[in-house]
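See structure below.
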Amino acid sequence: MRRHAEFVPWSREHHAALSLARSLREAGSPEAEARARLRLGDLRRVLLAHMEEEEKVLPERLRRLGAAELAERLLAEHAALREALKHPEAEGYPALGERLAAHVRFEERELFPFLEARGTDPR
148 MRRHAEFVPW SREHHAALSL ARSLREAGSP EAEARARLRL GDLRRVLLAH
198 MEEEEKVLPE RLRRLGAAEL AERLLAEHAA LREALKHPEA EGYPALGERL
248 AAHVRFEERE LFPFLEARGT DPR
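Converting from the sequence shown to our numbering requires adding 147 to each position, the first position being numbered 1.
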C-alpha cells in the first residue's frame with residue numbers, strides 16, 4: 148500500500164522490523180538463534196527510537212480524533228515490546244518475532260490507514 152509521505156519513514160523502518168521478526172521467528176536452532184540475537188542487537192536501539200518517535204506524535208493525535216482505544220493499544224503494545232526487547236529470552240525469540248510482526252501489521256493495516264483517512268500530518 149502506498150503511504151502518505153509523512154508516514155514513509157516509519158513504514159521503511161517497519162520493513163526492517165519485519166525482517167528482524169522473521170529472523171526471530173526462525174530461531175529454532177542454536178545457529179539461527181545466534182543470528183537472530185545478533186540482528187536484534189543491531190536493531191534494538193532503532194526499534195526503541197522508532198517507538199519513542201511514534202509516541203511523541205500518534206497517541207495525542209489519535210485521542211483528538213476520538214480514537215483513544217487505538218492510542219491505548221499502541222502504547223500498550225510498545226510497552227510490551229520494550230519489555231520483551233530487554234529480555235528476549237524470557238518469552239523466546241520466536242514469540243518475540245510473532246509479537247513484533249503483529250504490532251507492525253497493526254500499525255500498517257489499521258493505525259496508519261485510519262490516520263491517513265482523516266488527514267495526512269502525523270505530527
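In this text, a Cβ means the ideal position worked out from N, Cα and C, and glycines have one as well.
- The beta carbon of L212 sits closer than 7 Å to the beta carbons of R265 from its chain, once the five residues preceding and following it are set aside; these are given in chain order.
- In the three-state reduction of the DSSP assignment, A174 falls in the coil class.
- In this structure V251 is buried. Its beta-carbon is surrounded by 16 or more other beta-carbon atoms within 10 angstroms.
- For L217, the enclosing alpha helix (DSSP H) covers residues A215 to K233.
- In this structure, the CA atom of A242 is about 30 Å from the CA atom of E263.
- Straight-line measurement puts the Cα of V155 at about 28 Å from the Cα of P235.
- C-alpha of P206 to C-alpha of M198: approximately 11 Å in a straight line.
- Judged by pairs of C-beta atoms under 8 Å, the stretch 171-191 does not touch the stretch 213-230, as fewer than three such pairs exist.
- For H151, there is no enclosing alpha helix (DSSP H), as DSSP marks it with neither H nor E.
- Each of R256, R159 and L258 was checked against the Cα of V193, and the nearest Cα belongs to R159.
- Within the same chain, and ignoring the five residues on either side of E173 in sequence, the residues whose Cβ sits closer than 6 Å to its Cβ are A179.
- Between the alpha carbons of A181 and R210 lies a distance of about 41 Å.
- Going by DSSP, G244 is part of the alpha helix (DSSP H) stretching over Y240 to F253.
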